[in-house]
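Heads up, the thing below is written out as structure tokens.
Number of protein chains: 2
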Amino acid sequence: MGVRAQQKEKTRRALVDAAFNQLSAERSFSSLSLREVAREAGIAPTSFYRHFKDMNELGLTMVDEGGLTLRQMMRKGRQRAEAGGSVIRISVDTFMEVLESNPNVFRILLHERSGTSAAFRAAVEREIEHFISELAHYTEAQANRTPVLARAQAEALVILVFNAGASALDSKRSERRALADQLVLQLRMVATGAEALQHKMDNRA
Amino acid sequence: MGVRAQQKEKTRRALVDAAFNQLSAERSFSSLSLREVAREAGIAPTSFYRHFKDMNELGLTMVDEGGLTLRQMMRKGRQRAEAGGSVIRISVDTFMEVLESNPNVFRILLHERSGTSAAFRAAVEREIEHFISELAHYTEAQANRTPVLARAQAEALVILVFNAGASALDSKRSERRALADQLVLQLRMVATGAEALQHKMDNRA
DNA sequence: AAGTTGAGCGTACAATTGTACGCTAATTTA
DNA sequence: TAAATTAGCGTACAATTGTACGCTCAACTT
Numbered sequence: 001m002g003v004r005a006q007q008k009e010k011t012r013r014a015l016v017d018a019a020f021n022q023l024s025a026e027r028s029f030s031s032l033s034l035r036e037v038a039r040e041a042g043i044a045p046t047s048f049y050r051h052f053k054d055m056n057e058l059g060l061t062m063v064d065e066g067g068l069t070l071r072q073m074m075r076k077g078r079q080r081a082e083a084g085g086s087v088i089r090i091s092v093d094t095f096m097e098v099l100e101s102n103p104n105v106f107r108i109l110l111h112e113r114s115g116t117s118a119a120f121r122a123a124v125e126r127e128i129e130h131f132i133s134e135l136a137h138y139t140e141a142q143a144n145r146t147p148v149l150a151r152a153q154a155e156a157l158v159i160l161v162f163n164a165g166a167s168a169l170d171s172k173r174s175e176r177r178a179l180a181d182q183l184v185l186q187l188r189m190v191a192t193g194a195e196a197l198q199h200k201m202d203n204r205a
Numbered sequence: 001m002g003v004r005a006q007q008k009e010k011t012r013r014a015l016v017d018a019a020f021n022q023l024s025a026e027r028s029f030s031s032l033s034l035r036e037v038a039r040e041a042g043i044a045p046t047s048f049y050r051h052f053k054d055m056n057e058l059g060l061t062m063v064d065e066g067g068l069t070l071r072q073m074m075r076k077g078r079q080r081a082e083a084g085g086s087v088i089r090i091s092v093d094t095f096m097e098v099l100e101s102n103p104n105v106f107r108i109l110l111h112e113r114s115g116t117s118a119a120f121r122a123a124v125e126r127e128i129e130h131f132i133s134e135l136a137h138y139t140e141a142q143a144n145r146t147p148v149l150a151r152a153q154a155e156a157l158v159i160l161v162f163n164a165g166a167s168a169l170d171s172k173r174s175e176r177r178a179l180a181d182q183l184v185l186q187l188r189m190v191a192t193g194a195e196a197l198q199h200k201m202d203n204r205a
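Given below as structure tokens:
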């Protein structure tokens with residue numbers, strides 16, 4: 001890659017990072033202005049357009065990147081789970097750690113999921129869908145579930161996890177343990193419930 | 001109430017209604033400007049301050065009002081359930097109807113739940129908490145659950161319902177039926193799972 | 001070596017925003 | 001009836017916003 005393209009990539013990263021860094025509990029992506037991001041990245045407002053068509057395009061890039069990051073980290077966690085122990089417990093703990101080290105990555109997904117732009121909502125939904133279908137295939141194979149049931153179960157699990165994540169972002173570390181425990185309990189509920197419903201269906205047939 | 005106070009109340013309502021009417025899938029409360037709301041309500045921008053300290057105060061009023069509306073409508077639905085039939089099915093159907101006739105009431109709760117203002121998030125959480133504790137008490141009495149378990153179960157149920165509501169807002173009527181069916185399935189999962197966990201605990205004791 | 005490209009800049013402008021201030025006129029109070 | 005209150009208005013202003021336009025000069029191509 002030429003010197004020129006390299007520099008361009010560097011600036012582009014500076015923009016993305018600037019935007020991520022400006023996110024917080026009090027600041028959502030949609031409340032960021034193009035000028036603020038450019039300022040933080042150290043470039044002139046009008047130079048922004050050399051990299052993104054508009055703020056929307058930057059945001060979608062961030063959602064994609066964020067989803068990827070999240071999935072990579074969860075995959076690492078799953079490897080840890082293969083060593084033995086409760087899959088649910090380990091996954092929850094991993095998730096909470098990811099959350100703690102990448103709060104802003106999670107924030108943009110969380111916020112834009114119920115945001116004001118259809119494109120954003122769709123993008124976030126796509127990322128979440130990754131999690132759901134990965135999980136659905138897993139349980140379909142592992143626990144021998146009906147596709148419909150596996151899908152419903154996976155979706156429920158993911159929703160509960162995401163929701164707990166949102167609460168965790170808003171709470172102190174001390175409250176997080178209780179939150180994680182309750183989440184584990186809820187996930188077990190769904191898992192055992194799905195199991196029971198599956199048996200009921202099998203016996204009926 | 002004097003003529004003056006009456007007129008004032010009328011204008012206040014006009015403001016609240018104007019704000020509600022401007023909400024849509026593409027327009028969140030936080031994206032509304034004071035001037036837009038005033039314009040829609042037919043008053044001068046500066047007159048807004050005769051009724052609310054700022055947009056925040058208007059928003060919190062709307063959250064409170066919205067929560068109240070939602071709870072009232074769900075209560076009506078519960079009466080319908082007492083006549084017999086599946087509590088879950090009837091509740092879900094009621095919820096979907098409420099959603100269809102008051103989309104914007106639901107929208108503000110949904111969006112501000114993961115919003116940018118701590119006060120808003122707290123207010124929404126308070127409204128959701130109403131639902132959860134009502135439900136928890138219900139199952140604690142009805143199904144003889146441990147408080148901890150009843151709480152976790154109720155929370156899971158409410159979260160799943162709210163989440164499905166969010167999806168429903170984004171989907172056509174034809175997809176809603178499938179959505180409602182899947183929601184019912186998920187709620188049954190949680191209910192049966194909680195039941196099973198309860199038994200397991202009882203036997204251990 | 002000469003010519004082309006394009007990342008980044010500065011200037012400029014029209015919109016829109018929140019809100020301070022003081023006035024009017026109708027209602028309420030005394 | 002006279003005085004006090006106040007909902008609503010118009011004017012005004014400083015900030016901030018997105019973006020059009022044209023320039024520069026270093027990097028690349030031929």
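Residue numbers (full-length UniProt numbering), protein chains in the order written: chain P, 1 to 205; chain U, 1 to 205. Quick reminder that beta carbons are idealized off the backbone N, C-alpha and C, glycines included.
Cutoff 8 Å: residue i Cβ touching any chain P Cβ
i	result
residue 159 of chain U	yes
residue 86 of chain U	no
residue 111 of chain U	yes
residue 185 of chain U	yes
residue 189 of chain U	yes
residue 54 of chain U	no
residue 144 of chain U	no
residue 152 of chain U	yes
residue 257 of chain U	No information on residue 257 of chain U is available, as it lies outside the stretch 1 to 205 that chain U covers here.
residue 170 of chain U	yes
Cβ-based burial, residue i [other Cβ within 10 Å; buried from 16]
i	result
residue 199 of chain U	exposed
residue 249 of chain U	Outside the shown range of chain U (1 to 205) lies residue 249 of chain U, about which nothing can therefore be said.
residue 1 of chain U	exposed
residue 186 of chain P	buried
residue 144 of chain U	exposed
residue 68 of chain P	exposed
residue 46 of chain U	exposed
residue 165 of chain U	buried
residue 5 of chain U	exposed
Under 8 Å between C-beta atoms of residue i and residue j
i	j	result
residue 89 of chain P	residue 184 of chain P	yes
residue 201 of chain U	residue 146 of chain U	yes
residue 114 of chain P	residue 114 of chain U	yes
residue 97 of chain P	residue 29 of chain P	no
residue 63 of chain P	residue 20 of chain P	no
residue 51 of chain U	residue 12 of chain U	yes
residue 154 of chain U	residue 135 of chain U	yes
residue 14 of chain U	residue 44 of chain U	no
residue 16 of chain U	residue 65 of chain U	yes
Chain U contact for residue i (CB, 8 Å cutoff)
i	result
residue 26 of chain P	yes
residue 216 of chain P	An answer regarding residue 216 of chain P cannot be provided, because it is not within the stretch 1 to 205 covered by chain P.
residue 194 of chain P	yes
residue 50 of chain P	no
residue 64 of chain P	no
residue 166 of chain P	yes
residue 116 of chain P	yes
residue 17 of chain P	no
residue 14 of chain P	no
residue 121 of chain P	yes
residue 182 of chain P	yes
residue 31 of chain P	yes
residue 163 of chain P	yes
residue 156 of chain P	yes
Inter-residue spacing [alpha-carbon to alpha-carbon] between residue i and residue j
i	j	result
residue 132 of chain P	residue 126 of chain P	10 Å
residue 179 of chain P	residue 149 of chain U	14 Å
residue 194 of chain U	residue 151 of chain U	10 Å
residue 39 of chain U	residue 7 of chain U	18 Å
residue 189 of chain U	residue 128 of chain P	21 Å
residue 172 of chain P	residue 25 of chain P	13 Å
residue 107 of chain P	residue 205 of chain P	45 Å
residue 93 of chain U	residue 142 of chain U	21 Å
residue 207 of chain P	residue 22 of chain P	The structure shown has nothing for residue 207 of chain P, since chain P only spans 1 to 205.
residue 197 of chain P	residue 86 of chain P	22 Å
residue 60 of chain U	residue 3 of chain U	27 Å
residue 160 of chain P	residue 123 of chain U	21 Å
residue 182 of chain U	residue 71 of chain P	25 Å
residue 109 of chain P	residue 176 of chain P	20 Å
residue 83 of chain U	residue 91 of chain U	13 Å
residue 34 of chain P	residue 53 of chain P	11 Å
residue 73 of chain U	residue 130 of chain P	35 Å
residue 191 of chain U	residue 162 of chain P	20 Å
residue 32 of chain U	residue 170 of chain U	20 Å
DSSP beta-bridge partners of residue i
i	result
residue 24 of chain U	U/27
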